[in-house]
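>
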Amino acid sequence: MSEALELPLNDPWSMPLADIDLSEASLYASDAIHPYFARLRRDAPVHYCAESASGPYWSVTRYADIKHVDTHHQTFSSELGGISIAELELEEFVQFENFIAMDPPKHTEQRKTVAPSVAPANLRNFKPIIRERVIDILDQLPVGETFNWVDEVSIELTARMLATLFDFPYADRRKLVHWSDLATASPQLMGDAGLSGEYRLKELTECANAFAALWHERAEREPGNDLISMLAHGESTKDMLQRPKEFLGNLMLLIVGGNDTTRNSISGGALAFQRYPDEFRKLQADRSLIPNAASEMIRWQTPVIHMRRTATEDTELRGQHIRAGEKVIMWYLSGNRDEAVFDDAERLIVDRPNARQHIAFGFGIHRCMGNRLAEMQLQVLWEEILERFERIEVVGEPVYAANNFIRGILELPVQITRR
């Protein structure tokens, strides 16, 4: 056999389709997943994987098909099997009850209880405070030194924003990030990372207790502008503390939603501008592009990689027969790279005409209700970055999380040049 034909066994374009397993965490740790998605979008957009660490599952990788699954909750349920591809042992892990893992009518009722906390009128009250936090962090960054953008900007800024939104004790703000990371940790790596079910239960119980104390405190005061006060005084949410799983579940939903999208889009944006410097210069020349650029950063990064649904009945999608009870995975990261929707999809393009059509927030009844908050935070951040920095140079390789649910960047070494 000639050398040209000796392709590696794991080459996604040559390996048998049946052997492709998109759930393999190592593909995300190396950011090597994209050609696998591209292969399936081309050759098997509705693909069955018979064996994986997460059991058998169907993959949906094209934009239009993902939207179809996401908008047909009668056929594709969030409640039957949860929202993650992972199969967790129920006795080992904290189980949350929140509306993202429910179907109507329970979903509708639950969503209404927390939606007012992130309504645009309330979020606008936070904008000046968020800007103050952004300015403080950016003004303290070292010039001419290499530092980890993820830790000093993405995580720190997210922690401060979350502490502000919840009016959580400021000195303990990194606990919010820690709890979010525990809630979304990859089951494939929990043992290696020492994240036992017992440890996870202990830490998330601490989270519940901390917020219960804040809840009691806010309930006895006049209503404030923080999320806990809004929930404690809201007519439809004031009794939530009496339902512990619902209380913790909805709090974690707000914490994770506020942490992962913003944090990883901040990191992804800095990395993308290193790879596509002309786009950063375009933004410098026209700051009116910042809102669209924020949407494009979210599309390009796609912080939530997938969501799971479970078929409620036998159904057919693109000629593939899906049986009742089978697991169906919507790969949002793939949908946001679909060439049929986004031209030159692998590139970040700050003036992309359809950037806001991304599906990083999901679609339909489960569309992330905090999407405006995430966009607002990114817009404020990049407004202030452009005021201060001439350049953000990535000086080393990014380190990605080995996680098939959250597309996290753990390390991004950079040096900054001020204007």
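Taking this note's numbering, I'd label the letters of the sequence shown as residues -5 to 413. Every residue gets a Cβ at the ideal spot worked out from N, C-alpha and C, and that includes glycine. A quick note: this is a predicted structure, and the numbers were derived from the prediction, not measured.
1) Identify which residue in Leu327, Ile343, Leu208 and Gly218 has its Cα closest to the Cα of Pro271.
2) According to DSSP, is Ala206 part of a helix, a strand, or is it coil?
3) Please go through the same chain and pick out, in chain order, the residues whose beta-carbon is closer than 6 Å to the beta-carbon of Glu83, but skip the five residues on each side of it.
4) With a CB to CB cut of under 8 Å and the five nearest residues on each side skipped, what residues in its chain are close to Ile131?
5) Which same chain residues, not among the five before or five after Ser46, have their C-beta less than 7 Å away from its C-beta?
6) Below 8 Å between beta carbons: does that hold for Thr65 and Phe357?
7) Note down, in chain order, each residue of its chain lying with its Cβ closer than 7 Å to the Cβ of Val137, except the 5 sequence neighbours on either side.
8) Who are Trp52's beta bridge partners in DSSP?
9) Three-state secondary structure (DSSP) at His67?
10) Using 8 Å as the cut-off, can you tell me whether the stretch 160 to 173 makes contact with the stretch 213 to 224, which would need three or more C-beta pairs spanning the two stretches below that distance?
11) Go ahead and pull the three-state DSSP assignment for Gln314.
12) Less than 8 Å between C-beta atoms, sequence neighbours within five positions excluded: which residues of the same chain meet that for Leu176?
13) Just checking, does the stretch 310 to 326 make contact with the stretch 263 to 280 on the three C-beta pairs under 8 Å criterion?
14) Just grab the DSSP bridge partners of Ile400 for me.
15) Out of curiosity, what's the CA-to-CA distance linking Glu405 and Asp308?
16) Between Ile403, Met234, Arg350 and Asp332, which has its C-alpha nearest Leu479's C-alpha?
17) Which of helix, strand or coil does DSSP assign to Ile386?
18) Give the DSSP-derived three-state secondary structure of Asn142 in the structure shown.
19) List the DSSP bridge partners of Gln409.
20) Return yes when the Cβ of Leu34 is within less than 8 Å of the Cβ of Ser53, no when it is not.
21) Less than 8 Å separating the beta-carbons of Val63 and Met324?
22) Alpha carbon to alpha carbon, how far is Arg215 from Gly185? Give it in angstroms, no decimals.
23) On a Cα-Cα basis, can you pick out the residue from Gln268, His352 and Gly263 that is closest to Glu333?
On the basis of the data shown:
1) Ranked by how close their Cα comes to the Cα of Pro271, the residues Leu327, Ile343, Leu208 and Gly218 have Ile343 in first place.
2) Ala206 falls in the helix class under three-state DSSP.
3) For Glu83, the predicted structure reports a pLDDT of 45, less than 50, and the residue's modelled location is therefore unreliable. A value from the coordinates is still provided. Around Glu83: no qualifying Cβ.
4) Once the five neighbours on either side are set aside, the close Cβ partners of Ile131 are Glu146, Val147, Glu150, Leu151 and Arg154.
5) Answer for Ser46: Asp15 and Ser17, listed in chain order.
6) Against a cut-off of 8 Å, the Cβ pair of Phe357 and Thr65 comes out as a contact.
7) Answer for Val137: Ile410 and Arg412, listed in chain order.
8) Paired residue(s): Tyr42 and Val322.
9) For His67, the secondary structure class from DSSP, reduced to helix, strand or coil, is coil.
10) The stretch 213 to 224 and the stretch 160 to 173 touch, with three or more beta-carbon pairs separated by less than 8 Å.
11) Gln314: strand per DSSP, three-state reduction.
12) For Leu176, where only same-chain residues beyond five positions count, the Cβ hits under 8 Å are Leu189, Arg194, Glu197 and Leu198.
13) Because the criterion of three Cβ pairs below 8 Å is not met, the stretch 310 to 326 and the stretch 263 to 280 do not touch.
14) Answer is Val298, bridged to Ile400.
15) In this structure, the CA atom of Glu405 is about 44 Å from the CA atom of Asp308.
16) Shown here, the chain extends from -5 to 413; a query on residue 479 therefore has no answer.
17) Secondary structure at Ile386: strand, using DSSP grouped into helix, strand and coil.
18) Three-state result, Asn142: strand.
19) The secondary-structure analysis by DSSP pairs Gln409 across a beta bridge with Glu387.
20) Against a cut-off of 8 Å, the Cβ pair of Leu34 and Ser53 comes out as a contact.
21) One thing to note: Val63 has its Cβ within 8 Å of the Cβ of Met324.
22) Its pLDDT being 42, under 50, Gly185 is placed unreliably in this model, and the value from its coordinates should be taken loosely. So the two alpha carbons sit approximately 43 Å from each other.
23) The option with the nearest alpha carbon to Glu333 is His352.
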